[in-house]
Structure formats: structure tokens, C-alpha cells
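Peer 1: Before we start, here is the structure in question, set down as C-alpha cells.
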Amino acid sequence: MVDIALTPRAAKSQMREATSWDQLKHNRNWLGFWFMLPAMGFLIFFLAYPLGLGIWLSFTDTKIGRVGQFIGAENYEWLWDDSIFWLSVTNTLLYTSIASAIKFAIGLYLALLLNENMPFKAVLRSLILIPFIVPTVLSALAFWWIFDAQFSIISWSLKHLGLIHQNINFLGDTTWARICVIFANIWRGVPFVAITLLAGLQTVSPSLYEAATLDGATSWQRFRHITYPLLTPIIAVVMTFSVLFTFTDFQLIWAMTRGGPVNATHLMATLSYQRAIIAGQLGEGAAISSAMIPFLLAAIMVSWFGLQRRKWQQGENND
Amino acid sequence: MQDFTRRALLQGGTALTAAGVLTGPALLEFAKAWAQTAQWKPEAGAKITLMRWKRFVPEEDEAFNAIVAAFKSATGTDMNVFSESFEDVQPKASVAANTGSGLDMVWGLHTLPQLFPTKVVKMNDVADYLGKKYGGWTDAAAKTCMKDGNWLGIPVATVGGYMTYRKSAVEKAGFKEFPKDFPGFLEMCKALKKNNTPAGFALGHATGDANAWVHWVLWGHNAWTVDKDDKVIINSPETAKALDYCKALADTFIPGTASWNDGSNNKAFLAGDLYCTANGISIYVAAKNDPKMKDLAEDTYHALWPIGPIGKPTEMQLAVPILAFNFTKYPNACKAFIDFMLEKAQYEKWLEGAKGYLTQTLNAYDSAPVWTEDPKRAVFAQASKRALPASGIGTVGEKAATAIADFIVVDMFANYCTGAKDAKGAMAEAERQLKRIYR
């Protein structure tokens, strides 16, 4: 090592205090900030800005084709007394709760089944994805035909079997129409739940099952005390997404019923589209969309706080 | 080949006598002659993008494309035309209006120009010129496009909807001719149901078909959504009578009409399940174009909408106006094209291609050959004249368009007819929805 005698000027230069710019360049915390900046930009521009704009629009009387004025909570006040809006809220909650529960039950059953050793396992796992890979609008159109008032294949078959004498009014009757759209949503959503839960099941160590079997555990006990607790975190994630997707569903309803008959299948998303885009009332449509946020936040919070409970994640009893 | 000269064109007569058969090269020759005398000269190097509604009759599209091709060739204007479904035209036009770019012209549904009156090129000169030349505009068409004395667009045509029925079924029901009033029509529907040859009208969210017939029932009873000052008056004894009449009709319908969209009655009629409905001429055109449906086509006839207690026609027909945005760089080219569209030489040929799906809005075309070469089309010739504006007796504009797009009247009738609400409840809900829009 060579000692170098520093000139007073050089020493002064080396001794100078780091400027703000130097800190921004070399400070580890700031470096992290720089790396995060592109991601923040994306989040702000593509997620936060549209959300903020939507909320802002809901406080204006903006129409399609012209800029609106700030009108405070007037759109929300009108919605509060709007029976069709509240019907759409009821429909959305009904649609989401029933479809999500059934999707979970069927998805879990299929996941457990496909996790077993069986012939053609890979083929069966691929087949189960079919409803998921068919474009939504295409499957909606297929269901529209299946449940058509005049040309339903179900009515046709039952009539030819002598079980009914006239067509079932699937999409023309309010109760039937609700059942039909929920059925279509379940068909469409089961693969997502099944395949994701199957992925979770694959992570459970077989040695746990072996040990439990040696201890004489029944299959129910193995499920109850091994599978279910270890699967709980992924169930929370899957159900959160399933609820979010179902709550915000649009294409199935729009292609099958356009919210009819007599608004019996209007969800908040379809009513928002009808009011905002078709009828041109952009502010009011934005208010309906914004009214979905509390429900969606609640769904996220349930999952978020659930995932924060580490003991729960580790398969232990909750405090 | 017909040789059109500037002199011949100006003199009319000889040249235009042959105009009804203009196709291909003859159309081009006419276009060239027209371009020399046209009042609006396209700007040099003009490029126009036009969005229109998607055609339902293929021959109409072919005729329209021929007009565009001839215009391009004769004027040197570059034109890009693309189609969207009826319901997508308005949102996309609105985006263009908001951003001030993307489109020069839009051809869409009824009150479209009223949605952005400050964003369109005023068409007063084009409307005056065409109106004077071709016998004036029909009333509803003019009202649809005018605001404060200005023409915001030009009403190119009306998509007429009329009663489409199977003659054999109507005769079997005991009617030698199609009923002309509401009571007669109800009796016929009852008889059709009794014979298992039912009628059916859309009560679902069918933009064209459902709105058309429920407004006919409403207006026919002298009931209106709003009065001439746009005050909401839906909750009235007249509306209650209209609801009762509609319920009595709906009880005779084929099951499932509450779920019908715009295509449902076409399918059911062509499948032989439906014997009377309201529609554009597309059902008949489809049957006629299909050799397997020869018998059905021969048995299919059209009739005017029966008259209600009000004592005069109350038809809601679909006007299709065209507009040019004021941010276009080529306003003269847009005006020239609109003028060219409506000149007799090719307009009558275009009407012929539409086979009755489009009806003229200029009185001089009442005698167009399309209305006489097949008598079954004849009633559609009256669509523009018998129509009321989509707003009824209220102001034409975005509020009326919103009420229609929101299916307020359709849902009111559907609520009552399906038993979802009683008359008071159905009217109260409609009143509340209309007040929301007309506030």
C-alpha cells in the first residue's frame, strides 16, 4: 500500500461534503426508491389514475360527448332512491355469493379428485381447463342458445322424452333467468378454483399423509387435519379472486340477458355500462361503478387480514 | 353505357330517367358529371373516415359501397368506411367528439347529432339544397336532426318497422285483412293464440324492436313520457290504460318474449314458431333469399301499425342521420359526399338494394321503384311520414335518447305484463327513472 501525500487542494476536494445529488445517487434507501419508481409509475398511471378519474366522474354530470360539472353527491342521492340500482345490488350479492360458494365446492372436489393417482391424470387435468380457455363471450352465446326461450336444447330434449309439454321459459322468467346466469358463471369459474387448489394440494408433503395413515387416520381426518389447514392460505387467495371476478362479471350477463327480464339479472357492472355507455350518462354510470368499491374492498380485507394471521397459515388454531 | 354530361345532368330529364338503373360504369359516369356541378367541392387531397351502422341487408351494403367507390373515383377523395353494430356507433362517435379526432363522419341512430351539437358541422346549406330539390323533408326526420333552427346532421333514411305476419294464420283466425285499430288487433292476437299460431313482441332489452312497439302502444293511448315542455307525465290514467291493453296482448304471446333481444323474433318467425310480430323487412328478405323458405316467404305479409284510441298513427321508427364533425379538415368533402348519397341517381338504386329496409326521408322518393316492384314492401314506404320523433311530443335530444337507451318504457310494460309489478308500481318506477333523466 502506498501512502500518497495529498495536496491541500486534493484533500479539500476529497473531504467535501456529499451533495444531495450524491446522496440520491448512492444512498441505499434512495437507490431502492429509484428501482421502485417505474413500478410506482405503472401503478399510478394504469391503476390509481383510472380509479381516481372514475370516482371524480361520479361526482359530476358528465355525459358521453361532453365534459360535466361538479354536482357533489347528487348522482349517489338519485341512486339511493333508485329501485333498479338496489335491485342490481341485490342481484350482484346473490350472484356472487351463490356462484362463489358452488364454484368453491365443486372446485375443491375436483382438485382433490385430480390430486389422486388415476389413469389419464394429465389429460383429465387439461380437460378441466376447457371452460376457462373458451372466450367468455363465446361460452355466453352458447349458454344463450342453450337457455333460449324457443330453441333450448334442454326444452327440446325434455319434450322429446315426454317429460314436459311446453318449453321452459329459461331466460324469460326472473327466477329461471337468475339460475341460468349463475349456472353459466359456475361452469366458467370452476376450472380456475380447481386448478389453483390443485396446485396448492401439490405442495402438501406426502409424508404427512403417510404418517397420518400409520396413525390410523381416516380419509376425513386426513382432510380435516392436514389438507384443509395447509390449503387454507391458498383458499383465501383463490376465493378472494373468485369473489372479485364474480362480483365484477359483465360479459356473461350482457351476452345472455342484457340485464333482463325486467332487470332481474342486472348486476352493478351491467347497469353501470347501460347507464354510462349506452344511455350516455357517464357520471351516473361512474357512480354505480364506484358504489362497487366498498363491497370489493370488504372482500379484499377479509382475505388480507386472514393471510396476516400466521398461525392460521401454519395450520394452527386461531387465537 | 349511359353517357352523362354536365349539360345532361343540369337539364335532368334524360340523364336522370336512366338513373334508377345506375350501376358500375354508369354510376361512375354520373358521379363524374355530378362532381363538375356539385355545390360542394372536396378539398384537395381530402381523406374522410366514415363510421356507419352494420348492414342487415347485404345488397344495401353493396349499393352503399358502390356509391362510395363512385364518389372516390369522381372526386379524388380518399374514403375509409367501417361498420359498427348499432349500439357501438354512439359510444365510438362520442369518443371521437370528445377527443376531436379519429372520425370525420358518423352515420348512426336517431338523436345522435343532438348528443354533441357543438361538435358538428352545420348542414343547413345541404339540407336546404336537398330539401328544395327533392320535395322537402319528412317531419320526424327534420325534427330528429334540427336544433334551434340548425341542421346538425342530415336524415339519410328511416329504418322502418312494421307488422310482419303470416297471411294464412291471420285468415284462419277469421280476419280477411290485418286489423287497423287496437281492439281489432287484440282480438286477432287472441284468435291467433287459440289456433296455436301465436303473435309475439319483444319485452326484453331489445333496443329496436321492444322500444318500437311499446312506444306505439303508449302513444296510441295518448300517453307520453314527457309533455312538450319536457315535464314528466308518464304517471297518468292513459298510461294505465296502455298497460292494461299491453297486458291483454302479452297474454296471447308466445312464451319467452320477456327475454327477447332484437334477433329473437326473426329467429322464431323464420323457424315457423311465430306468426305475427313487428320488425324491419329483414325477416321477409331473409325468407325470400332462402330457397328452402319459399312457402314461408310467400305467406309473409306486412301491415301498418293499427291505430290506437288517439286516432292517428303513433309509430316510433328508427331515423338514421349522418353527421360530420367540425374538427374535420375536409368539411366540404363531407358535405359533398352527403349530397352525393342523396342524389336521385344512386339513392333510388340504394333504396332498391335495401329492399325496403331503408325508407326515404325526402318526399320526392315516395315513388321510388323499390316500393312498387314488390307490393309486400309497400307499407315500409310510409315509415318516415308516419313516424313520430323518438321523443314523442317532447324535445328531441339526448334526454329522450337516454330514456330510450335505458329501456324505461320497455321495463314499465315488462314489469306489468310479467306480473313483477302492479300498474301503479310500474308507472311509479318509470316516473322516477324519467325524472332522474329529465332533472
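Order-wise, the sequence lines are chains A and B. Following the working numbering, the numbering of the first sequence begins with 1427 at its first residue and continues without gaps. Following the working numbering, the numbering of the second sequence begins with 3 at its first residue and continues without gaps. Note that the Cβ used here is the ideal one computed from N, Cα and C, for glycine as well.
Quick check for students: name the residue ranges of the alpha helix (DSSP H) that lie wholly in the region 1645-1729 of chain A, counting only runs of 4 or more.
Peer 2: 1645-1648, 1654-1673, 1677-1682, 1694-1699 and 1708-1716
Peer 1: Please name the residue in A1705/A, L1519/A and V1630/A whose C-alpha comes closest to that of E400/B.
Peer 2: Measuring from the Cα of E400/B, the nearest candidate turns out to be A1705/A.
Peer 1: Taking 8 Å as the threshold (beta carbon to beta carbon), is A170/B in contact with chain A?
Peer 2: As written in the sequence, residue 170/B is Ser, which differs from the Ala given in the question. No, no contact with chain A.
Peer 1: Relative to the C-alpha of G313/B, which residue among R388/B, F382/B and V70/B is closest?
Peer 2: R388/B
Peer 1: Nearest-angstrom Cα distance between S1749/A and A1474/A?
Peer 2: Past the edges of chain A, shown from 1427 to 1745, lies residue 1749/A, and the structure says nothing about it.
Peer 1: Hey, quick one: how far does the beta strand (DSSP E) through Y303/B stretch, first residue to last?
Peer 2: Looking at the DSSP string, the run of the beta strand (DSSP E) that includes Y303/B is T302 to A305.
Peer 1: In whole angstroms, what separates the C-alpha of I1580/A from that of V1728/A?
Peer 2: 39 Å
Peer 1: Just to confirm my understanding: we take F1577/A, look at its own chain, exclude 5 residues before and 5 after, and list those with CB closer than 7 Å. What are they?
Peer 2: W1571
Peer 1: Going straight from the alpha carbon of A1717/A to that of V161/B, what length do you get?
Peer 2: 38 Å
Peer 1: Using a Cβ-Cβ cut-off of 8 Å, state whether P257/B counts as contacting chain A.
Peer 2: yes
Peer 1: To the nearest angstrom, how far is the alpha carbon of K145/B from that of W109/B?
Peer 2: 17 Å
Peer 1: Once the 5 residues before and after A1695/A are set aside, which same chain residues still bring their CB inside 6 Å of it?
Peer 2: Excluding positions up to five away in sequence, the list reads T1674 and F1676.
Peer 1: Distance check for G137/B and A383/B, CA to CA, integer angstroms please.
Peer 2: 15 Å
Peer 1: Step through the CB atoms of chain A and report whether any lies within less than 8 Å of the CB of K269/B.
Peer 2: Chain A contact via Cβ: present.
Peer 1: To be precise: take each residue of the region 1635-1665 of chain A, compare its Cβ to all Cβ atoms of chain B, and keep it if any distance is under 8 Å. Which residues remain?
Peer 2: none
Peer 1: Between G1732/A and chain B, is the shortest Cβ-Cβ distance under 8 Å, so that the two count as touching?
Peer 2: No, its Cβ sits nowhere closer than 8 Å to a Cβ of chain B.
Peer 1: List, in chain order, every chain B residue whose beta-carbon is nearer than 7 Å to that of D1675/A.
Peer 2: Within 7 Å of the CB of D1675/A, no CB atom of chain B is found; the nearest one sits about 17 Å away.
Peer 1: In this structure, how does DSSP classify W42/B when only helix, strand and coil are distinguished?
Peer 2: In the three-state reduction of the DSSP assignment, W42/B falls in the coil class.
Peer 1: Please give the ranges of any beta strand (DSSP E) in the region 358-425 of chain B, keeping only runs that are unbroken, at least 3 residues long and fully inside the region.
Peer 2: 360-362
Peer 1: Measuring straight from C-alpha to C-alpha, what distance separates W42/B and A338/B?
Peer 2: 5 Å
Peer 1: Report the neighbours of V1563/A on chain B: residues whose CB is nearer than 7 Å to its CB, in chain order.
Peer 2: Within chain B, not a single residue places a beta-carbon under 7 Å from that of V1563/A; the smallest gap is close to 13 Å.
Peer 1: So the candidates are E350/B, L360/B and D376/B; which of them puts its Cα closest to the Cα of I69/B?
Peer 2: Comparing alpha carbon positions, the residue from E350/B, L360/B and D376/B closest to I69/B is E350/B.
Peer 1: Per DSSP, which one or two residues make a beta bridge with T160/B?
Peer 2: A321/B and T361/B
Peer 1: Within the region 1538-1580 of chain A, note down every full alpha helix (DSSP H) run reaching 4 residues or more, in order along the chain.
Peer 2: 1547-1553, 1556-1559 and 1562-1572
Peer 1: Measure from the alpha carbon of I439/B to the alpha carbon of each residue in H1692/A, R1551/A, M1462/A and E1710/A, then state which is nearest.
Peer 2: I439/B has its Cα closest to that of E1710/A, out of H1692/A, R1551/A, M1462/A and E1710/A.
Peer 1: Is there a Cβ of chain B sitting closer than 8 Å to that of Q1707/A, yes or no?
Peer 2: Closer than 8 Å to the CB of Q1707/A there is at least one CB belonging to chain B.
Peer 1: Find out if the Cβ-Cβ distance for the pair K1489/A, V1619/A is shorter than 8 Å.
Peer 2: The answer is no: Cβ separation not under 8 Å.
Peer 1: Whose C-alpha, out of V122/B, D376/B and S170/B, is nearest the C-alpha of D357/B?
Peer 2: Per the sequence shown, the amino acid found at residue 357/B is Lys instead of Asp. Across the set V122/B, D376/B and S170/B, the C-alpha of D376/B shows the shortest separation from the C-alpha of K357/B.
Peer 1: Please tell me whether D408/B has its Cβ less than 8 Å away from any Cβ of chain A.
Peer 2: yes
Peer 1: Check whether the region 1659-1668 of chain A touches the region 391-400 of chain B, counting contact only when three or more Cβ pairs, one atom from each stretch, lie closer than 8 Å.
Peer 2: no
Peer 1: When you compare only the Cα positions, how much space is there between A425/B and A1548/A?
Peer 2: 59 Å
Peer 1: Name, please, each residue of chain A whose Cβ falls closer than 7 Å to the Cβ of E89/B.
Peer 2: I1704
Peer 1: Under DSSP, the alpha helix (DSSP H) around K1451/A begins and ends at which residues?
Peer 2: S1446 to H1452
Peer 1: List, in order along the chain, the chain D residues whose C-beta lies closer than 8 Å to that of R1701/A?
Peer 2: In summary, chain D is missing from the structure at hand, where the protein chains are A and B.
Peer 1: Would you call the region 92-106 of chain B in contact with the region 317-330 of chain B, where contact means no fewer than 3 C-beta pairs closer than 8 Å?
Peer 2: yes
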